[in-house]
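Under the numbering used here, the first residue of the sequence shown carries the number 47, and numbering increases by one thereafter.
Glycine is no exception: its CB is placed at the ideal position from the N, C-alpha and C atoms.
In this text, all values refer to a predicted model and were calculated from it rather than measured experimentally.
Only one structure is covered here, and it is reproduced in the block below.
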Amino acid sequence: MNKIKVGVVGYGTIGKRVADAVLLQPDMELLGVTGRTYSFRMELAKRKKIKIYLTEDGEADKFVENGIQPAGNIHDLLTKADLIVDCTPKKIGAYNKERYYKPYNVKAIFQGGEKHAVGEASFNAFSNYDESIGKKYVRVVSCNTTGMARIIHTINKKWPIKRVIATFIRRAADPGDVKKGPVNAIVPVLDIPSHHGPDVNTVLPGIEIMTMAVAVPTTLMHVHTLAIELKDDTPQKKEIAHLLDKTSRIFLVRQATGVESTAHIMELVRDLYHQRGDVVDNCIWENGMGVVGKHIFLMQAIHQESDVIPENIDCIRAMMNTMSKEESIALTNSTLGIK
Ligand code: NAD
47 MNKIKVGVVG YGTIGKRVAD AVLLQPDMEL LGVTGRTYSF RMELAKRKKI
97 KIYLTEDGEA DKFVENGIQP AGNIHDLLTK ADLIVDCTPK KIGAYNKERY
147 YKPYNVKAIF QGGEKHAVGE ASFNAFSNYD ESIGKKYVRV VSCNTTGMAR
197 IIHTINKKWP IKRVIATFIR RAADPGDVKK GPVNAIVPVL DIPSHHGPDV
247 NTVLPGIEIM TMAVAVPTTL MHVHTLAIEL KDDTPQKKEI AHLLDKTSRI
297 FLVRQATGVE STAHIMELVR DLYHQRGDVV DNCIWENGMG VVGKHIFLMQ
347 AIHQESDVIP ENIDCIRAMM NTMSKEESIA LTNSTLGIK
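Here it is as structure tokens:
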């Protein structure tokens, strides 16, 4: 079997995790990642024996001074790659598509910071894997949209949904971001709906959804509160818990564990030796679920830095048309140690 040759452009929060995940896939080869200048992140790539390809504005001398010999430049990477996972900050992916991926006729995945229109489809493995089969350019939706798509798809398949109303309590910044806030304020997002609802519709077009959001001073995780109105059914809470408990990429947080906050979730996964303390599952508090008539109420925590990583891996296989949805999700879960 020929392995899929993958390059990662942008080695930051998402890029370094995608690179590590690609290394674990038996059907993929990580060609390397791009680097601009020497830093502790590039030192990480070097120690993991990942090849570094210089961007056009890359500072070759800084790499060499610090003991790294780049394997080439971004053009060399593009020549060899079957597919690039672009993990650059928002808007740069759209630029890179025109500047690099189109001229080199190479497939590319973009991240949630880009607009839906950057690709031929937006992607969530549960909701719409098949839409990306064989496609050239696809966007993996953001961390928040990924979390929403997973839970809405799961409930909707079993008990058809009439409407979703959700509030997003968003982390202010990632742990490594030293320049972002708020530090001591709650910042409401004044757009109604917030962009999250329409973004969910890029992967689940049939769902009526209204979203609002606030940003709060934490770096650990996002929390979503959802009110899900069903069309006909009135399931019992224990039936919902049972469904979520057996669904992959969903972690039902049981009351007896004493996990009461995002801080506890982070402590738990760090202690369980998950790489970097990542938790790619939607974490849903079992005791925080309620059913009133046709409405299901629930709260979930989403680890923004890592929940999109298995989605990027599945998206690669969909675009290369090498596996079905079920096969890819199963392989990604087993290689990344996900339920
Ligand atoms: P980041 O800032 O942590 O990393 C971006 C990387 O791209 C850095 O290594 C930077 O040096 C590199 N880069 C910048 N300009 C470049 C260029 N012109 N060419 C090549 N490399 C360049 O960003 P991130 O948080 O990993 O976000 C990347 C994408 O993933 C964005 O679209 C973002 O919206 C999306 N996303 C982020 C999160 C999150 O919580 N961090 C979650 C889901 C999706």
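| Item | Value |
| --- | --- |
| Three-state secondary structure assigned by DSSP to Cys189 | helix |
| In DSSP terms, what Leu100 is bridged to | Gly81, Asn119 |
| Proximity test, Cys329 beta-carbon vs the ligand NAD heavy atom, cut-off 8 Å | no |
| Contact check, Leu100 vs Gly113, beta carbons under 9 Å | no |
| Segment limits, alpha helix (DSSP H) that includes Lys62 | 59 to 69 |
| Euclidean distance between Cα positions of Trp205 and Ala195 | 15 Å |
| Paired residues, beta bridge with Ser168 - DSSP | Arg185 |
| Boundaries (first-last residue) of the beta strand (DSSP E) holding Met256 | 255 to 262 |
| Meets three-Cβ-pair contact criterion under 8 Å: the region 147 to 167 and the region 359 to 368 | yes |
| Selected residue, minimal CA-CA separation from Val220, among Gln350, Ile50, Ile274, Leu377 | A small fix is needed here, since residue 220 is Asp in this sequence, not Val. Comparing Cα-Cα distances from Asp220 to each of Gln350, Ile50, Ile274, Leu377, the minimum goes to Gln350. |
| Tyr150: CB within 8 Å of a non-hydrogen atom of the ligand NAD | no |
| According to DSSP, residues forming a beta bridge with Leu417 | Outside the displayed range of the chain (47 to 385) lies residue 417, so it cannot be described from this structure. |
| Terminal residues of the beta strand (DSSP E) in which Ala376 lies | First-last for Ala376: 371 to 382, but that is the alpha helix (DSSP H), not the beta strand (DSSP E). |
| Pairwise C-alpha distance: Arg300 and Gly139 | 40 Å |
| C-beta contact flag for Leu276 and Ile330 at 9 Å | no |
| Cβ separation of Glu89 and Lys49, assumed to be a contact under 8 Å, to the nearest whole Å | At roughly 27 Å, the Cβ-Cβ gap does not stay under 8 Å, so Glu89 and Lys49 are not in contact. |
| Nearest-angstrom beta carbon gap, Gly336 and Lys283 [assumed within contact, 8 Å] | 7 Å |
| Residues near Pro234 in its chain [Cβ-Cβ closer than 7 Å; skip 5 each side] | Val260 |
| Min CB distance Glu373 to chain C below 9 Å | This model lacks chain C altogether; it includes just one protein chain. |
| Other residues of its chain near Asp245: CB distance less than 7 Å, five sequence neighbours each side excluded | Val187, Ser188, Thr191 |
| Residues that DSSP places opposite Trp331 in a beta bridge | Val299 |
| Other residues of its chain near Ala309: CB distance less than 8 Å, five sequence neighbours each side excluded | Leu266 |
| Nearest-angstrom beta carbon gap, Ile130 and Gly53 [assumed within contact, 8 Å] | 5 Å |
| Option nearest Arg295 by Cα separation, candidates His268, Asn119, Val326, Thr280 | Val326 |
| Bridge partners - Met74, DSSP secondary structure assignment | Ile50 |
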